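> I'd like to ask you about the structure that follows.
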Amino acid sequence: MERRRLILETAEALLGEQGYESATLRAIGERAGIPTASVYHYFSDRPQIDPACSRSAMPTSSKH
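Per this note's numbering, residue 8 is the first one in the sequence shown, and the count goes up by one each step.
Shown next, in the form of structure tokens:
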């Protein structure tokens, strides 16, 4: 699985389970099994992850 997608899916799960305050970038990295530095490589702070989670859950449109 692509790391960015893994981070987003893990963040969605943690946000749903623990809420925004407890779902730190460190906690997301630990749950995903990747170093915290890798999380920061894709997302510089937690507010970037929350909207990205919403976008990743949206179906992609097909182009004709």
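Built from N, CA and C at the ideal position, the CB exists for glycine as well. These numbers come from a predicted model, not from an experiment.
Please state the DSSP three-state secondary structure of Tyr-27.
coil
> Buried or exposed for Glu-19, going by 16 or more other Cβ atoms inside 10 Å?
buried
> Around the Cβ of Gly-36, are there at least 16 other Cβ atoms within 10 angstroms (buried) or fewer (exposed)?
buried
> Cβ of Ile-35 versus every heavy atom of the ligand HEM: is any distance shorter than 7 Å?
The model depicted lacks the ligand HEM and carries no ligand whatsoever.
> Please say whether Ala-34 and Leu-22 have beta carbons closer to each other than 8 Å?
no
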